[in-house]
Structure formats: structure tokens, C-alpha cells
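First up is the structure itself, then whatever we jot down about it.
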Amino acid sequence: MLASLGLSSTAELYAHLPGEALLERDLAIEPGWSEYEIVDWFRARGEANTRFAASFLGAGVYAHYRPVLVDTVVSRGEFLTSYTPYQAEIAQGTLTTIFEFQTMVCQLTGMDVANASMYDGSTAVPEAALMAMRITGREHVLVARSVHPEYRQVLATNARNQEMTVDEFGYDPETGLAGLAGLEAKLSAKTAAVIIQSPNFFGCVEQVKSLAELAHKHGALLVVCFAEAVSLGLVKPPSEADIVCGELQSFAISPSFGGPFAGVMACKEKYLRQMPGRLVGQTVDANGNRAFCLTLSTREQHIRREKATSNICTNQALVALMATVFMTVYGKEGLRELALQNLSKARYLGGKLRRRFTGAYFNELVASPASGTVAEANAKLAARGILGGLDLERFYPELRGNMLLCATEMNKREQMDIVAEVMGA
Amino acid sequence: MIRKTRLHLVQNEGLLFEESSPGKKAYQLPDLDVPAVDPAAALDGQAREEIEGFPEVSEVEAIRHFTRLSTYNFAIDLGMYPLGSCTMKYNPRVNEAVARTEGLAWAHPYAPVEHIQGCLEVIHRLEANLAEITGMDAVTLQPAAGAHGEWTGIMLVRALLESRGNPRKKILVPDSAHGTNPATAAMCGYSVANIPSNAKGMVDVAALAAAVDEDTAAMMVTNPNTLGVFEEQIHEVARLLHAKGALLYMDGANMNALVGLSRPGDFGVDVMHLNLHKTFSTPHGGGGPGAGPVAVKRHLEPFLPSPRVVRRDGRFEVEENQPLSIGKVRAFHGNFGVLVRALAYIMAHGGPGLRRATADAILNANYIRTHLAGYYELHTEAPSMHECVFSDDKQSPKGVRTGDIAKRLIDYGFHPYTVSFPLIVHGALMIEPTETESKQELDLFIDAMKSIAREVEEDPQLVKSAPHRTRTPRVDEVLAARKPVLRWRP
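Protein chains in written order, with my numbering: chain Y, 1 to 425; chain B, 1001 to 1490.
Here is the structure:
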């Protein structure tokens, strides 16, 4: 090859680089390893993490069973090693699955349209807030303290350099639900959006309808986000919301230390043009057959540049495909049954513990050990092979002594009995 | 002549919702070992009716559905995917295997630190490797994709300038830049000023000198730029910016041209992002997931997103307390599974191997450039790095445009190159073969491109109406946008 270019060494290919830009040495990274050495190194890192027989830790990252079909499908090179489907003629596989994904997200959330995915739940929240600001022409965002703390932190980072101001409103100390009185006191003609989470960070199912009415009374939009997608199998969809965003990790996406996950963005039809991210639409091909393609891209950065609705480009397509396969495998009946198992297990566990809040909950709950600290209770659980709950003091100093516990279909009755025993209820 | 492809049988497949019939299912759950509760009562009246329209298929129907759909896709596993600036290189499968290592795939980010030492070591090691590769001082792995990394990087710029008393007003962007650059600047509250390119396709340094002032926060430069040309005056660009107190941001989309050869930290870059799903071979997955780590010089380190992973006395810790941090840009620790894959890629290559891969990527691009130069109009005489850019000037007099040539290339068994980008080249063909293509595949590609050039002369209509050999012929994108149908309805 070099000879056909009239060259004698590859170094001549980059000899034109300014001398001061050329690295005169090898990178200080060990010479290449064999496949076995690589696999072995990562296996050892996996073992350096503690493996638990059971986990009751949720808080935005849930342990749900992953049907085998999911990895079977996403391991196909045609899905795994393809690019964003800009060339529709040779990307109908990806485009069709995204269209199905958008449809299923709408069916689950009660919204009219959904995009092809966002990075994750935490980054979908600020995108929803910005969308609401564009729609209302207002700049003030009210977010419930019962929204995932890290989602709120990401929102705060986004607000730093946008024309967005963020204020928080509290939760009812008895029910654990978003505080209506606190919200009403802060709502004004400047409020672009009220952002809540349901089930909220404490696991409680919010009264979406009354929150929507309150927001709408002041001309604000209601943004409902969710972190535990399995709840949508049993809990009423947030149809009264204007924008729904959230996290699909529960749908066969490994916890994987927090990512990659898949974010959701869905809304009412009338807000479609303000939606960020990619959209797949139905059309026809030259033979008149149904076909799909990326569409409405005039909202996006590669066309509109600095006037785009967002700078998002790469999203989470393959992870969204995992969720699509998951929704297909469980289907209409299965998602309901799965959700019912989660609800029933959490109720079994909650019934044995000293619960902090009275609000109706799905598969997470706040409880306190009868004696000792949360850290001590978790240490006792760890000694018995169980990963305990999240110490809520980390994010809510006023909830010191309480932990957030999650029960899913993967938790067995005996394991829950151990938790109850350690918690001394 | 088309040597690489012939037609084969393809199955038709409807949408899941159309294939569903009541009662079919593809799942099994264990029997419930606790009493089942009544959802209506337990959820305080908030239980839903059934999910209308949701799929109901059997397991074999599910697998056939997705397998059939998969066969409608082109993929790297099927052939060369020379999308310029996208770096569609082979995705080694060992990376997939290690990302599924049980102890890593099931690790919870909120587990106490003593239980997640393995994950933290992965993060720590990858950060160190990327700092060495870029010549920068510190790295955050949290951004979820390139555009997210850009946003994080410009937020850091703003935070540093604010700490000096003035965030300033504008970001300079070359006219050859990716669309994400100006979109990012706008998202960070900056106005955008375009800097023209000179005849060689490089930043016009005189125009930059005239534009940069005390209102300039930073310039976002892609190097090599989107023409695949190394910015030979990059030191001067950095000097001009720094003299006015502005910063140099580098878009690392084209880092595959530099790894092991040249380090942005050594040519004046203050802050940059990498695309692990480009340079470091993590699979693109039909549009993601990616990861967009940001690397910075020491003066920007205090502002990096929280948390940081630090090593103290041989033990890894998560440091949340950073008073100057811009805050969190994403929950948890970023797209960890993507980070695992990228680290495995770096391990497999090692320092010398990374440099060789870069040299091979440059060789492959120049091989294509040399062998197609007589058939397509080369945009610039400046030497190419990892990609080369032609225009359709030789073909457009026949009414054939770059998009048509791209579609005809599909018939020959190749994914199209990047079409009509960069915007400064009228009718651009942007070709990036990457290092993982063999000479045989490159020769087939070159033959295909030459053959299409001949077809343009002899039968332009054949090219204009391509593709002819795909299951789906040209798709009506105008109709899709005019009457949006974004979901299935019964």
C-alpha cells in the first residue's frame, strides 16, 4: 500500500505535522494484552466488588430479571454495529424498532408522542424543563424535593448558564407525597413547569391529577418523571401531565454501576415541535410500501446549529432496544404481572417494618431500624450476603435514621424476613 | 461491475402491534411467594386499566420479529462503513464480554464504597489512560456522549472565567464545525461567532486574530478538522486565544487521527472531549450509547463535575466535596458499561498498538484519496489525516449529486460515506475508512467508487435512482416530515 502512494514508511504520512505537536515517544501504556489477560483482569475487578445474594438497594437503579432474549437480540451485529439510521434504505431494522419503542412509550405513559431516547432519567429532566420554558416563554421551574436528588442536581447544573431559575418545594412529612400547599405558595405567573416524580424518590405514588390541576391553574406545565418504569405496568399513566420523562433502566438494562441507561421523553402532540432529540416517522418507499425514517430534524443541531432545541446527537439507541425487547417479552399481561409481584413483595416487606411515610407506595419504601444506625443495619445485612437500603441522610438530613428499601421480583420471602429481623421491627 | 453483493431472500415483517393476539406471551415469572395484593386498594385508586395496544406475542414470534428486522440493517459486521467523522471501526467482541462480567454488570452505584472497589478501579485506570493519550491533566468520565461532553467542557470554561470575574460573551466556531458545537455554545449561554476557513481548509488565523477579543470565552476547534486536515497553525491559534485570556476547546471527534502521534495537551488545548464510541471502538448500536469524557488542563480541574474517583492509600474513594465544581452533569458515574469497553480496547492495543492503529487509519485514508483522486474532485491539496473529503464537482454537471453517489454505493455493498458535510464543501463526500479495513476491502471500495464515476458518465439516471438492490428503495422523507406519523395506532 505504501508503495502505491510513493512512500517508504508510514511516518511520512504525518511528517507534515508541526514538530512541536509530534509525540516523540510511545504512550506510557503497557503493550497490548491478549484476550485472556483482558477477560481475566475484568473478572478480577468484578470480584473486587462485593457480590450479594440479594439486594434491597434501588433509588433509581433497580435489580430486575433480564430475560435472555434481550441480550440475544442486542448482540446481533446488525443492531450492535450499525450507526444512527440516517440512510433509511439500509437501516429499516433500527428505524422500525425505534418506531415500536416510541409507540410503546406512548402506550405506557399516556402521552401522544415520544422521542427515540435521551441519555438517561437525570438528563431528561433538564431537557423537559427547557422544553417547558420554550413552550410557555417563562423561566421559573419548580421541582419537588421528592424527585430523585441526583436528577435535581443535574437540573441545577443545567440552570447555571441558562435563563432558568429553579426552586424546590417540599414533601408532606406524613405522607411522603409532594406538598400541595408548599407548591401553591410558590406557583406564580412566571412558573414554566412543575416537575414531580411518580413513584417519587420515597416510592410513593403521587396524585398526578391534582398536581396537574394546580400547575395548569397558573398556566404552568406539569412534567412527570419516573425512575421505576415497572410501576407503569400497574399504576395509572400520568396522562394529565404535559411532558413525561424518565428512566427505563428497569426494563432489562443492567445496573452496570449507573449506566448506560435509556431516558424517555414524551409529550402531548401540540408540543411536538419543541421536543429535543431524534424522532422516527412513518412514510412510504418508492414502491409505495410502508417505511420509516428519521424526521422533523429541523429541530436538531445538525440542521439548526445554535438555534436547535438541544445539542443532543448520539442517544441510547441500543439500550432503548433492550427496553423494547423487554416490553415485547413481557407484553400486556406480563408487565402487569411483573408489577404486581413487585407491589406485593414490597407490601410484604413494608408490613414488617417501621415505615416512615403513609402514602401509597409501589416497590420502594422508607423505614428505620428499631435501634442503631442505618449503617449498622446495613453492615449486619452485608454480613448475611444482603445489600441493604440507601441511607437517606446522604440526601435528606432531616430523614436521618431512615433508609430507602426496594423489593423486586428478584427478592425472595426468606431474604425479606432477614431484612425484617435485622431491622428489628 | 458489482462484485461484493448479490440478492438474497428477505422476510417481510409487520409491526409488533399487528402481530399480536390476545393471550400470547413470551415470559415466565416464578410463583409469587408472598400474598398477592389488590392493586386498586393498595394504590389508593391509582391502579391502571390494561395497557392498550401493548404487544402480545410468543417467544418464537418475538425472536423472529427482531431477527428479521435486524436483516434490514447494514452494519460494520457486514462491511466497510466509511462515514467521515464517525470512525466506524470494528467493535471487538471481547469488549462486549467484559462489559457483561457479572460483578461489574450488577454493581450498584450507591453500594458502600468498600463494596465497589472494582468499578472504581476501572474508572481510575481509564481516566489515567485518557489523560496520557490526550496529554491533559485530569479527566471526567461522566458525560454520556460527545455533545454532552462538549456541553460539560464549555460549562467548565464558563466556570473558570466566572471565577476570574467575567464569564465573557461569545464562543468562536470555525465554519467547518459540527452542528453540535454552536448548539452547545448556545446551551451554555454564549453567542456564536463563525470563523472562516482559508483555502487549505484550515482556520483563517488572520480572521481569528481580528475576531478574538476580551469578550471571547473560547474557540471550539476540531483537530484534525472536518476536512481531515491537521490544523498546522494550532499553536498560533492557541497563542492568539490565550493572549486575550480565552481558552482553546478541542472537539475530539477526529481523535482517531492523533492517538499515540500527537497530544492536544501538547499543542495548547485547555479542554477537550473524546467520543469513546468513535476512537475507542465501543459499538454505535444504531445511535448510542456513547460516552464523552472531558479532559482538562490543571487550571480547569477544580471545576470538574462531581463526584471524582480518587485513590488514597491503595483504596479508591468517591469524592463529592468539591466547592468549585460545576455540579453533576449526569446521575451516578456516567455510562460505565461503555467505559469498560473502551478500557478493554486500550488494554488490547497498549501504547505502541494505539500508535500503529492511528498510522494505519491515516494510511487507509490516504490510500483511498490517492486512488480516487482522478475520479472525484479533491477538495483541498492539504495532506489528509484519517479521512479525505471530495466534492461532487466532476459529477454534478451530469445532474448527479453526492447523495446520489452515496445511495448507489449501497448497491455495491458499502455503507455511504458522510454526505454534504462539512458545509464549507459544496457537495461533499467525506470518507473515513478507519484502520480496521483490509486492503482487500479498500480495493473493493475504490473499484466501486470508480465504477460509479463511470456510471455517472454513461447512465446518470441509474445512479440518481439508486439504490436498486436493497429491500427498501428510496424513502420519502418529505412525506414523513409533512405528515408526521410517529407512533402506531390501531
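Glycine included, each C-beta is placed from N, C-alpha and C at the ideal position.
Note that the coordinates shown come from a computational prediction; the quantities given were computed from them, not determined experimentally.
Length of the line joining the Cα atoms of B:A1331 and Y:V319: 17 Å
CB of B:V1475 within 7 Å of CB of Y:A3, strictly: Between B:V1475 and Y:A3, the CB-CB gap reaches or exceeds 7 Å.
Identified DSSP bridge partners for Y:E174: Answer is none; Y:E174 lacks a bridge partner.
Any idea what DSSP makes of B:D1404, helix, strand or coil? helix
Strictly below 8 Å CB to CB, what residues from chain B border Y:S344? L1032, V1034, P1035, A1036, V1037
Would you say B:A1040 faces chain A, with C-beta separation under 7 Å as the test? This model lacks chain A altogether, as its protein chains are Y and B.
Could you name the residues of chain Y that B:S1391 contacts, counting a contact when the two beta carbons are closer than 7 Å? Ordered by position in chain Y, no residue passes the 7 Å Cβ test against B:S1391, which lies about 19 Å from the chain.
For the region 246-267 of chain Y, which residues have a CB atom closer than 7 Å to at least one CB atom of chain B, in sequence order? S254, P255, S256, F257, G258, G259, P260
Within the same chain, show all residues whose beta-carbon is closer than 6 Å to that of B:I1154, passing over the 5 residues directly before and after it, in chain order. T1184, C1188
Specify the secondary structure class of B:I1326 as computed by DSSP and reduced to three states. coil
Take the Cβ of Y:A189 as the centre, count every other Cβ of all protein chains shown within 10 Å, and call the residue buried at 16 or more, exposed below. exposed
Assuming B:P1293 contacts B:V1139 (C-beta within less than 8 Å), just tell me the rounded distance between them. 6 Å
Name the chain B residues that come within less than 8 Å of Y:D26, Cβ to Cβ? G1260, G1351, P1352, R1355
Using CA coordinates, which residue listed in B:P1174, B:D1175, B:L1160 is at the minimum distance from B:R1168? B:L1160
As an exercise, report each continuous beta strand (DSSP E) stretch of at least 3 residues that is fully enclosed by the region 62-149 of chain Y, in chain order. 140-144
Members of the region 1416-1444 of chain B that neighbour chain Y once the beta carbon cut-off is set at 7 Å: Per Cβ criterion, the list reads P1416, K1439.
Is the region 1368-1380 of chain B close to the region 1443-1453 of chain B, with three or more CB pairs under 8 Å? yes
How about Y:V244 and Y:A266: are their beta carbons less than 7 Å apart? yes
Rounded C-alpha distance that separates B:L1343 from Y:A370: 45 Å
What is the DSSP secondary structure of Y:T10, counted as helix, strand or coil? helix
Is it buried or exposed for Y:T309, if we count other Cβ within 10 angstroms and need 16 for buried? buried
Under 7 Å between C-beta atoms, does Y:F202 make it to chain B? no
Where does the unbroken beta strand (DSSP E) through Y:Q197 begin, and where does it stop? 191-197
Minimum Cβ-Cβ distance from B:L1479 to chain Y less than 7 Å: It does: the Cβ of B:L1479 has a partner Cβ on chain Y nearer than 7 Å.
Sorted by chain position, which residues of the same chain lie with C-beta nearer than 6 Å to Y:T109's C-beta, five sequence neighbours on each side aside? Excluding positions up to five away in sequence, the list reads P237, V244, A266.
Using a Cβ-Cβ distance under 7 Å, would B:M1136 count as near chain Y? no
Under a Cβ-count criterion, where at least 16 other Cβ atoms within 10 Å of its own Cβ denotes burial, should B:T1134 be classed as buried or exposed? buried
Residues of chain B with a CB under 8 Å from the CB of Y:V147: which are they? Within 8 Å Cβ-Cβ: nothing; Y:V147 doesn't reach chain B, min ~12 Å.
B:Y1412 - containing alpha helix (DSSP H), residue span: Unbroken run through B:Y1412: none, as it is neither H nor E.
Quick one: list the residues of chain B neighbouring Y:S122, beta-carbon separation under 7 Å, in chain order. Within 7 Å of the CB of Y:S122, the CB atoms of chain B belong to R1330, A1331, in sequence order along the chain.
Could you pull the start and end residues of the beta strand (DSSP E) that B:C1388 belongs to? 1388-1391
Could you tell me whether the Cβ atoms of Y:R336 and Y:G233 are closer together than 7 Å? Yes, Cβ-Cβ distance for Y:R336 and Y:G233 is below 7 Å.
Cβ closer than 9 Å: which chain B residues qualify as neighbours of Y:V235? P1039, L1043, Q1046, A1047, R1048
For B:H1284, collect the residues of the same chain with a Cβ closer than 6 Å to its Cβ; drop the 5 residues on either side in sequence, then sort them by chain order. H1277
Checking contacts by CB at 7 Å: is Y:C406 closer than that to chain B? no
Might you give, ordered along the chain, the residues of its own chain that have their beta carbon closer than 7 Å to the beta carbon of Y:L155, omitting 5 neighbours on each side? V125, P126, A129, V143, V166
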